[in-house]
Amino acid sequence: ILNVEQSPQSLHVQEGDSTNFTCSFPSSNFYALHWYRWETAKSPEALFVMTLNGDEKKKGRISATLNTKEGYSYLYIKGSQPEDSATYLCAFRNNNFNKFYFGSGTKLNVKP
Amino acid sequence: ETGVTQTPRHLVMGMTNKKSLKCEQHLGHNAMYWYKQSAKKPLELMFVYNFKEQTENNSVPSRFSPECPNSSHLFLHLHTLQPEDSALYLCASSQGVDRHSNQPQHFGDGTRLSIL
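The listed protein sequences correspond, in order, to chains A and X.
Each residue of the first sequence is one higher than the last, beginning at 52 in my numbering.
Each residue of the second sequence is one higher than the last, beginning at 2 in my numbering.
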């Protein structure tokens, strides 16, 4: 069984705050790390696919970094807005290309 | 519109019933997936199909039987389920699962299944 850990489990911030959370994964046999955003009653939506150590990706106010040697990725949200409220999932893909291993997610609640 | 459509959205069934979940993707993808999400657990991969061939069965009990007649359609046939099978079942698709296909997955909205 392969462990993908996300922390914190949940986060409550005020509108305008910046926040970040962590995804930890095995550092061996790394192939890719995916981030998804999952709003209640909707389907998970892809944010980033990260493949290279040191990768940094950005989409509007959301950015992510990747460290494959130590097995972690950070997701940052700058100036959180209520519409950012969602569960943020990471998924680790190793050299067995068929498989994706998901973390339990970080549930973000942004208060107006 | 996500490009991946799942029906039904909700399903309540008894343990002796037989039902099927349906997934359809309009994205031209070659790989399709079934996931299960139980309460307070991470998404758990169940099955993977690539070009209609099953390439992964993650030790799923035989009471779950997948079927992929073509690259656009995926079914999950359910028979003699247990109460612990109550969960959200998500379908996803992606371009492919080989070394050169590192594209994200596109998910449907899921079927919320309750076993009485």
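Glycine included, C-beta positions come from ideal geometry on N, C-alpha and C.
Taking 8 Å as the threshold (beta carbon to beta carbon), is residue i in contact with chain X?
i: Lys150/A; result: yes
i: Ser69/A; result: no
i: Ala137/A; result: no
Identify the contact partners of residue i in chain A, using a Cβ-Cβ distance below 9 Å as the criterion.
i: Leu46/X; result: Asn149, Lys150, Phe151, Tyr152, Phe153
Mind checking who residue i pairs with in its DSSP beta bridge?
i: Ala93/X; result: Tyr34/X, Phe108/X
i: Tyr125/A; result: Thr73/A, Thr116/A
i: Ala137/A; result: Leu159/A
i: Phe143/A; result: Leu84/A, Tyr152/A
i: Ser21/X; result: His78/X
i: Ser78/A; result: Answer is none; Ser78/A lacks a bridge partner.
i: Val49/X; result: Tyr34/X, Glu57/X
i: Leu1/X; result: Any property of residue 1/X remains undetermined from this structure, which presents chain X solely from 2 to 117.
Please report whether the beta-carbon of residue i lies at a distance below 8 Å from any beta-carbon of chain A.
i: Asp86/X; result: no
i: Gly29/X; result: no
i: Glu57/X; result: yes
i: Thr108/X; result: Before going on, a small fix: residue 108/X reads as Phe here, not Thr. So, interface residue.
i: Gln104/X; result: yes
i: Gly111/X; result: yes
i: Val61/X; result: no
i: Pro67/X; result: no
i: Pro43/X; result: yes
i: Val13/X; result: no
Where residue i and residue j are concerned, what is the direct C-alpha to C-alpha distance, given to the nearest angstrom?
i: Val98/X; j: Gln106/X; result: 10 Å
i: Gln57/A; j: Cys74/A; result: 5 Å
i: Gln26/X; j: Ser94/X; result: 7 Å
i: Leu62/A; j: Ser155/A; result: 14 Å
i: Pro84/X; j: Leu117/X; result: 6 Å
i: Phe65/X; j: Trp35/X; result: 11 Å
i: Pro163/A; j: Asn104/A; result: 36 Å
i: Glu57/X; j: Asn149/A; result: 7 Å
i: Pro77/A; j: His78/X; result: 34 Å
i: Asp86/X; j: Glu96/A; result: 25 Å
i: Pro59/A; j: Tyr139/A; result: 11 Å
i: Glu68/X; j: Leu75/X; result: 6 Å
i: Phe143/A; j: Gly29/X; result: 24 Å
i: Arg10/X; j: Gly111/X; result: 6 Å
i: Thr70/A; j: Lys158/A; result: 12 Å
i: Leu44/X; j: Phe153/A; result: 6 Å
i: Ala40/X; j: Leu114/X; result: 12 Å
i: Ala88/X; j: Lys20/X; result: 15 Å
Could one say the Cβ of residue i lies closer than 8 Å to chain C's Cβ atoms, at least one of them?
i: Tyr87/A; result: The structure shown contains no chain C; its protein chains are A and X.
In the segment 91–110 of chain A, which residues sit with their C-beta less than 9 Å from some C-beta in chain X, listed in chain order? Ala92, Lys93, Ser94, Pro95, Glu96, Ala97, Leu98, Phe99, Val100, Thr102
The segment 73–87 of chain A: positions lying closer than 8 Å to chain X by Cβ: Hits within the stretch, in order: Tyr82, Ala83, His85, Tyr87.
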